[in-house]
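Using the numbering used here, you'd call the opening residue of the sequence shown number 6 and step up by one each time.
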Amino acid sequence: MTFRAALLTAWCAGSLLACAEFASTQATADEAVQPLQLVITAEKSSYQASDIPTTQYPSNTEAVISVTGAIQNISQQDQWFYAVQSTGVPTYHLTGPTGQPVEIASVIADPPLPRKEDFVLIKVGESLAKRFDVHFWIGETVTPGIYTLSMTYKVWMNWYLDHDNDKVARVEMDAWTGTLHSNEVKIEIR
Numbered sequence: 006m007t008f009r010a011a012l013l014t015a016w017c018a019g020s021l022l023a024c025a026e027f028a029s030t031q032a033t034a035d036e037a038v039q040p041l042q043l044v045i046t047a048e049k050s051s052y053q054a055s056d057i058p059t060t061q062y063p064s065n066t067e068a069v070i071s072v073t074g075a076i077q078n079i080s081q082q083d084q085w086f087y088a089v090q091s092t093g094v095p096t097y098h099l100t101g102p103t104g105q106p107v108e109i110a111s112v113i114a115d116p117p118l119p120r121k122e123d124f125v126l127i128k129v130g131e132s133l134a135k136r137f138d139v140h141f142w143i144g145e146t147v148t149p150g151i152y153t154l155s156m157t158y159k160v161w162m163n164w165y166l167d168h169d170n171d172k173v174a175r176v177e178m179d180a181w182t183g184t185l186h187s188n189e190v191k192i193e194i195r
């Protein structure tokens, strides 16, 4: 129970039962609010096993599974979002035909210093689309069957560096930070 819910419960001591129900509703509503959601769609739903490279250092031309992630604003107000590709860190969850996790190769890069223009305003009801490529790790055997893919996307930046001649200042933004969990998509490998 949140502090707010506890205060409501104490305040309503005369009719504890009715007010406890109201306080519980308030606690649940506060914890459930998430202004953004991540919806992924696979660009192709089917691949040939022979066309899938397994490499330790993937390049853009060796994409195994390409997905588009739409970061949707489902709140009642516009949301600032730090939109630099390398700073939002997607974690892929890929399971194979047997339900076992499949190891993913990932490109690790140091994020650039944040700039004001890296923040994008996602208006109410609008989306920001980002493309992601998922690669099998070197040495993995690509087994035919149905694979399930989902993503977790973390954003932690809500400030940028303002350069004014020889002065540099950190400027706080009212930008969204947190973790988004996507839906699951099914991919067939033949």
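Glycine included, every Cβ here is placed at the ideal spot set by N, Cα and C.
Residue i, DSSP secondary structure in three states
i, result
"Asp-56", "helix"
"Glu-122", "helix"
"Asn-78", "strand"
"Asn-188", "coil"
"Thr-157", "strand"
"Val-173", "strand"
"Ala-47", "strand"
"Lys-128", "coil"
"Arg-136", "strand"
"Pro-117", "coil"
"Trp-164", "strand"
"Glu-193", "strand"
"Val-72", "strand"
"Gly-104", "coil"
"Gln-39", "coil"
Rounded separation between residue i and residue j - CA only
i, j, result
"Ile-192", "Pro-149", "10 Å"
"Thr-179", "Ser-187", "According to the sequence as given, residue 179 is Asp; it is not Thr. Using only the alpha carbons, I get a separation of about 23 Å."
"Trp-85", "Trp-161", "12 Å"
"Phe-137", "Ser-71", "6 Å"
"Asn-163", "Leu-118", "12 Å"
"Lys-172", "Thr-182", "27 Å"
"Ile-100", "Val-139", "It should be noted that the sequence gives Thr, not Ile, for residue 100. For Thr-100 and Val-139, the distance between alpha carbons rounds to 12 Å."
"Leu-43", "Tyr-97", "13 Å"
"Arg-190", "Ser-155", "In the sequence as displayed, the identity of residue 190 is Val instead of Arg. Rounded to the nearest angstrom, the two C-alpha atoms are 7 Å apart."
"Asp-169", "Lys-49", "46 Å"
"Thr-184", "Lys-135", "16 Å"
"Asp-35", "Ile-194", "Reliability fails at Asp-35, whose pLDDT of 38 lies under 50, so the model's placement of it is uncertain and the value that follows must be treated cautiously. Computed Cα separation, rounded: 42 Å."
"Gln-105", "Leu-133", "31 Å"
"Asp-167", "Gln-81", "29 Å"
"Ala-174", "Ile-109", "38 Å"
Nearest residue (CA-CA) to residue i, options the options
i, options, result
"Tyr-165", "Arg-120, Gly-74, Ile-70 and Ala-75", "Arg-120"
"Thr-153", "Val-107, Phe-86 and Leu-185", "Val-107"
"Ala-88", "Asp-169, Pro-40, Ile-127 and Glu-177", "Ile-127"
"Ile-76", "Ala-54, Thr-100, Lys-49 and Pro-40", "Pro-40"
"Glu-131", "Ile-79, Ala-47, Asp-123 and Glu-189", "Ile-79"
"Thr-103", "Glu-177, Ile-109, Leu-133 and Ile-151", "Ile-151"
"Val-176", "Asp-123, Ala-54 and Thr-73", "Asp-123"
"Gly-74", "Thr-184, Ala-54, Ala-47 and Asp-167", "Ala-47"
"Ser-55", "Thr-184, Phe-141 and Leu-133", "Phe-141"
Integer Cβ distance of residue i from residue j, believed to fall under 8 Å
i, j, result
"Ile-57", "Val-147", "5 Å"
"Pro-95", "Tyr-158", "5 Å"
"Val-129", "Asp-83", "6 Å"
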